[in-house]
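**Student:** Counting with the working numbering, you get residues 2 to 126 for the letters of the sequence shown. Where a beta carbon is used, it is the ideal one built from N, C-alpha and C, also for glycine. Just so you know, these numbers come straight off a predicted model, no measurement behind them.
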Amino acid sequence: MDVPRDLPSPEADAAVAPVINHALKRQVLVCTAKSCAANGSEAVLDAFKARLIEENLLFYKGNRQGEIQCSHCGSVGFCAIGPAVLVYPDGIWYAHVTPEDVPEIIECHLKGGVPVARLVRKHLG
Ligand code: FES
Numbered sequence: 002m003d004v005p006r007d008l009p010s011p012e013a014d015a016a017v018a019p020v021i022n023h024a025l026k027r028q029v030l031v032c033t034a035k036s037c038a039a040n041g042s043e044a045v046l047d048a049f050k051a052r053l054i055e056e057n058l059l060f061y062k063g064n065r066q067g068e069i070q071c072s073h074c075g076s077v078g079f080c081a082i083g084p085a086v087l088v089y090p091d092g093i094w095y096a097h098v099t100p101e102d103v104p105e106i107i108e109c110h111l112k113g114g115v116p117v118a119r120l121v122r123k124h125l126g
């Protein structure tokens, strides 16, 4: 496949976006839009970040070796069953997640590779 000449090289991209070369394995998205926020999704997001930092797994400015990126996202349509939590590249969408569920999701899914079946409502792919 020919690469158009006006696109930067992978090396040039990595120079300005070094995340390209980091060892990220998963991304956790927590919906913090109106309905999920009303059901406590900010606390869920905080619980994920705190626990992932404790486990040295969170990718952030203080730990570029972390394997998991975690951030908020907008509504994904789980408004009536939120807080919604999405895990990629697995394509797992959780519903009704509480801060108390976070350690189990981290242990079983993010570390063990096995989604928490009782919270899964959608599996892409
Ligand atoms: S507000 Fe979270 S899925 Fe809609």
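Regarding proline 116 and the ligand FES, is the C-beta to nearest heavy atom distance less than 8 Å?
**Tutor:** As a working note, residue 116 is residue 115 in the sequence shown. No, the ligand FES has no heavy atom inside 8 Å of this Cβ.
**Student:** Going by the beta-carbon positions, is the gap between proline 100 and cysteine 109 smaller than 9 Å?
**Tutor:** The residue you call residue 100 lines up with position 99 of the sequence shown. The residue you call residue 109 lines up with position 108 of the sequence shown. Not closer than 9 Å, so no.
**Student:** Can you tell me whether lysine 62 is helix, strand or coil according to DSSP?
**Tutor:** Numbered from its first residue, the sequence shown carries residue 62 at position 61. It is coil, neither helix nor strand.
**Student:** I'd like to confirm the pairing. Which residues does DSSP put opposite arginine 27 in its beta bridges?
**Tutor:** By 1-based counting over the sequence shown, the position of residue 27 is 26. Ile69.
**Student:** Excluding the five sequence neighbours on either side, which residues of its own chain have a C-beta within less than 6 Å of the C-beta of lysine 26, listed in chain order?
**Tutor:** Position 25 of the sequence shown, counting from 1, holds the residue named residue 26. Cβ within range, chain order: Glu68.
**Student:** For the structure I just gave you, are there three or more beta carbon pairs, one from the region 3 to 22 and one from the region 75 to 92, closer than 8 Å?
**Tutor:** No, because fewer than three Cβ pairs between the region 3 to 22 and the region 75 to 92 fall closer than 8 Å, the two stretches do not touch.
**Student:** In three-state terms, what does DSSP make of leucine 46?
**Tutor:** What you label residue 46 is simply residue 45 of the sequence shown in a count that begins at 1. Residue state, collapsed to three classes: helix.
**Student:** Between cysteine 32 and the ligand FES, is there a pair consisting of the residue's CB and a ligand heavy atom that are separated by less than 8 Å?
**Tutor:** For the purposes of this step, residue 32 is identified with residue 31 of the sequence shown, where counting begins at 1. Because some heavy atom of the ligand FES lies under 8 Å away, the Cβ of cysteine 32 counts as near it: yes.
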